[in-house]
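Take the sequence shown: its letter number 59 is residue 45 in the numbering used here, and every next letter is one higher.
All C-beta atoms, glycine included, are put in the ideal place defined by N, C-alpha and C.
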Amino acid sequence: MKVLITGAGGQLGWELVRVAPPRVCIYSLTRDQLDVTDRAQVEQRLRDLCPEVVINTTAYTAVDAGEAEPKRAYAVNAIGAENIAVIAASAGINLIHISTDFVFSGSKAIPY
-13 MKVLITGAGG QLGWELVRVA PPRVCIYSLT RDQLDVTDRA QVEQRLRDLC
37 PEVVINTTAY TAVDAGEAEP KRAYAVNAIG AENIAVIAAS AGINLIHIST
87 DFVFSGSKAI PY
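This is the structure:
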């Protein structure tokens, strides 16, 4: 099986690459190797690599910086995710998208 892990320079992406079983062919791309906000670049990379699965761990996770740079955070977290999803779907590639849970305070006594 061929799997592309985007955001491979981040904590989660790096760990997924590290623990991947030897029988899985892993392609790992960091943000320097793939700008998910550039739809044409995403399309070209998926065409070149032909993965069966994309695991998208790309994210703008610096919360304070994201508040200071909302357009950049939106571009990566929303537009980038959309680019990967649309292109993967059109190519028949399965997508696993992982996002943050850092939207709730965690202070409630009941599940969100």
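A direct Cα-Cα distance of roughly 32 Å separates residue 35 from residue 55. Between residue -2 and residue 37, the gap from beta carbon to beta carbon reaches 8 Å or more.
Around residue 14, the same chain offers -9, -6, 3 as residues with beta carbons nearer than 6 Å, after the five sequence neighbours per side are excluded. Straight through space, the alpha carbons of residue 1 and residue 10 are spaced by roughly 15 Å. In the three-state reduction of the DSSP assignment, residue 57 falls in the helix class. Scanning 84, 69, 41, 6 for the CA closest to the CA of residue 47 turns up 84. Looking at -13, 95, 6, 25, the one whose alpha-carbon comes closest to that of residue 74 is 25. Counted as a single uninterrupted DSSP element, the beta strand (DSSP E) harbouring residue 80 occupies residues 80 to 83.
In the three-state reduction of the DSSP assignment, residue 15 falls in the strand class, which pools E and B.
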